[in-house]
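A quick write-up on the structure given underneath.
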Amino acid sequence: MKSPTFVGYKTMVRKELVRIFRIWSQTLLPPVITMSLYFVVFGGFIGSQLAPIAGYSYMQYIVPGLVMMTIITSSYMNTVSTFYFAKWQHTIDEILVSPMPSWVVIAGYVTGGVLRAFLTGFLVVIVSLLFTHLVISNIFILFAAAFLTSILFALAGIVNAIYAKSFDAISIVPNFVLTPLTYLGGVFYSISLLPPLFRHISLANPILYMVNAFRYGFLGVSDVSMVHCFAVMGGFTLVMLIWVLVLFKKGAGLKK
Amino acid sequence: MTPAIEIEGLKKKYWKGKVVTTEALKGVSLSIPKGEFFALLGPNGAGKTSLISILAGLGTKTEGTVVVNGVSIDKDPDTAKSFIGLVPQEFNFSIFEKVLDIVIDQAGYYGITKAEAMPYAKEILTALGLWEKRNDQAQTLSGGMKRRLMIARALIHKPEILLLDEPTAGVDVELRRSMWEFLKDLNEKGTTILLTTHYLEEAEQLCRRVAIINHGEIIEEGSVKELLGKLHITTVLLDTVESLTEAIMQLLRGEPLVREDENTLKLTLGPGGTMNEAFRKLSSVGVHVTNVRSMGSRLEEVFIQLIEKKDAKDATA
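This is the structure:
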């Protein structure tokens, strides 16, 4: 006999997967199209005019960053939209009245975000192979960085959805926080190319560590040490997890 | 025997910042034994939904204790929730999902696998007339079907306690009666039912015990019979031979008689009142009564009287 907790978790994950595939044109296709355009414009047209970075062509250099950008956006958008929509439609009540412990509910939503992040990330990697060849330097670091980052942003999406009181509120963070931080997080360049002041400012951007850890997994090059990268990712994930658990415990934004 | 629901001093305040905007429950205490069919009656904003929400785990309480089947919702909320099935007032399922999926997924949240849930899902969906619609998206269902779907979903884990928040609101008379039969049968099989309703007829037909709630306080509680007994008013219908013209009604002015239709009068008797006076007056104006039908005291009248009495008391306080 299966544990009731596991059955509840499995039900949530299955529902999420069904939803992701049912609306694939909204969940899986857009990042593939957007990243293909980045590959063509930045990697192909502009990148061909640029000198190699750390011994790799510009296209090869930006692919890990763009895949990480996809992972961040997909994991965040999956939980923020699913959770907020469930709140708005009151379908979240189906889960809140059930005896599933909060941590299982959180794990269910986070798994949905991680799965969508991995699916879109995988598709973007496949598309990138049409433009360049990729090497994998350290598969463990590659997966660990992708896994931790997707968990972190899936949790962040839940926090945003819990506080959100309108559909506008779920687009503020992606548009005005995530996108600027991602673009300035070393996706398109190495911070070693920046003047010292901007290089130091960049070190305060947590996304820089995620992009660099992921790039290290592929290419074996990074602007920052792996210890710092995993400390930042682990630390932020832990903070976000505690935040979500406290919000669930209080019922803030969830219960009347 | 442990009561199914035991509520003590339950308070619920809604805040905006540091300011209390509403005091939805002002120290409600209730004890509902196992197997009871209990109605919570009250006007809009009385606190019924707040109470149901707290019981089901959808709302937080400000003060007080709530114990479900001997389990405190503070100490072990998850176990307490496992005893309860909730039919909310508003539709709260995904309209894009299929009927069967909605029910089976709900079973999953209660730790029941699809294979385990399927036979009972078939049984309740059939009983509620939804089995033929099992593969249809919920958005294609009529309002009555959607309401029955919420009942099926609430029952899939075979809860010992069923909470129904205005379950027949907006449902036509025929469907309402068939839902009553279903609920009566469920209660006879042992499920404790707590129902909130606007329809007093519903409470009279279904429930053994009733509590009347207004402005967050229980103002009366007892069996339907006890509550009716508190109202010393009797209403009878008198069938007349003569048509009740405007001229006749003018002559009857001042009497406790109201024209129901062309040949029917409604006579309302207050405490200690007799019918003789009314009959004498009717004879004097040439109206002959062929039949007397008793309407008894209706729960609706008790309800209105109690609410008005309480409101008047609050106004003078």
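In order, the protein sequences belong to chains A and B. All the letters of the first sequence, read from the start, carry residue numbers 1 to 256 under this note's numbering. All the letters of the second sequence, read from the start, carry residue numbers 1001 to 1317 under this note's numbering. Yeah, the Cβ is synthetic: ideal placement off N, Cα and C, and Gly gets one too. Quick caveat: nothing in here was measured; it's all calculated off a predicted structure.
Between the segment 1109-1118 of chain B and the segment 21-29 of chain A there are fewer than three inter-stretch CB-CB distances shorter than 8 Å, so the stretches are not counted as touching.
For alanine 1039 of chain B, the enclosing beta strand (DSSP E) covers residues 1037-1041. Rounded to the nearest whole angstrom, the CA to CA distance from alanine 1127 of chain B to isoleucine 106 of chain A is 35 Å. Leucine 148 of chain A and methionine 233 of chain A do touch by the CB rule: their CB atoms are close to 4 Å apart, below 8 Å.
Contact annotation: the segment 1250-1266 of chain B does not touch the segment 1196-1204 of chain B, with fewer than three C-beta pairs closer than 8 Å.
If the five residues before and after glutamate 1221 of chain B are omitted, its C-beta is found closer than 8 Å to the C-beta atoms of Leu1030, Arg1209, Val1210, Ala1211, Ile1212, all from its own chain and listed in chain order. For valine 1287 of chain B, there is no enclosing beta strand (DSSP E), as DSSP marks it with neither H nor E. C-alpha of threonine 1191 of chain B to C-alpha of glutamate 1036 of chain B: approximately 8 Å in a straight line. For threonine 11 of chain A, the neighbours in chain B by C-beta distance under 7 Å run, in chain order, Asp1105, Gly1108, Tyr1109.
The Cβ atoms of glutamate 94 of chain A and glutamine 1089 of chain B lie no closer than 8 Å to each other. The segment 122-133 of chain A and the segment 39-58 of chain A touch, with no fewer than 3 CB-CB distances between them shorter than 8 Å.
It is roughly 8 Å from the alpha-carbon of valine 159 of chain A to the alpha-carbon of tryptophan 243 of chain A. For leucine 1086 of chain B, the chain A residues whose C-beta falls within less than 9 Å of its own C-beta are Asp93, Val97, listed in chain order. Lysine 256 of chain A belongs to the set of residues whose beta carbon lies under 8 Å from a beta carbon in chain B. Alanine 154 of chain A sits away from isoleucine 71 of chain A, with the two beta carbons spaced by 8 Å or more. Of all residues in the segment 1029-1059 of chain B, those with a C-beta nearer than 8 Å to a C-beta of chain A are Ser1050, Ser1053, Ala1056, Gly1057, Leu1058, Gly1059, reading in chain order. Taking 9 Å as the cut-off between beta carbons, none of the residues of the segment 237-248 of chain A comes near chain B. Taking all protein chains shown into account, glutamine 60 of chain A has 16 or more neighbouring C-beta atoms within 10 Å of its C-beta and is therefore buried. The Cβ neighbour count for proline 195 of chain A, taken over all protein chains shown within 10 Å, is under 16; the residue is labelled exposed. Residue contact with chain A for asparagine 1092 of chain B: present (Cβ-Cβ distance below 8 Å to some residue of chain A).
For histidine 200 of chain A, the number of other beta carbons within 10 angstroms of its own is below 16, and it is reported as exposed. Where threonine 1062 of chain B is concerned, there is no enclosing alpha helix (DSSP H), because DSSP gives it neither an H nor an E. The beta carbon of leucine 181 of chain A lies closer than 6 Å to those of Asn205, Ile207 in the same chain, with the five residues before and after it left out.
The count of Cβ pairs closer than 8 Å, one atom from the segment 1002-1020 of chain B and one from the segment 1047-1057 of chain B, reaches three, so the stretches are in contact. Linking asparagine 1263 of chain B to methionine 1145 of chain B through their CA atoms gives a straight-line distance of about 40 Å. Under the 8 Å criterion on CB atoms, proline 196 of chain A is classed as non-interfacial with respect to chain B. The beta-carbon separation of valine 224 of chain A and tyrosine 209 of chain A, rounded to 6 Å, stays under the 8 Å limit for a contact. At the C-beta level, valine 1287 of chain B and threonine 1245 of chain B stay beyond 8 Å of one another. Taking leucine 178 of chain A as reference, the option from A/Gly112, A/Phe85, A/Ser74 with the minimal CA-CA separation is A/Ser74. Excluding sequence positions up to five before and after threonine 1290 of chain B, its CB lies within less than 8 Å of the CB of Asp1239, Thr1240, Val1241, all in the same chain and listed in chain order. Residue pairing from DSSP places valine 1071 of chain B in a beta bridge opposite B/Val1068. For alanine 156 of chain A, same chain residues with a beta-carbon under 7 Å away, outside a window of 5 residues either side, are Tyr76, Met240 in chain order.
For glycine 1143 of chain B, the enclosing alpha helix (DSSP H) begins and ends at 1143-1155. In this chain, threonine 1191 of chain B is not harboured by any beta strand (DSSP E), its DSSP state being neither H nor E. Look at glutamine 1137 of chain B here: in three-state DSSP terms it is strand. Residues of chain B with a Cβ closer than 7 Å to the Cβ of glycine 251 of chain A are, in chain order, Thr1060.
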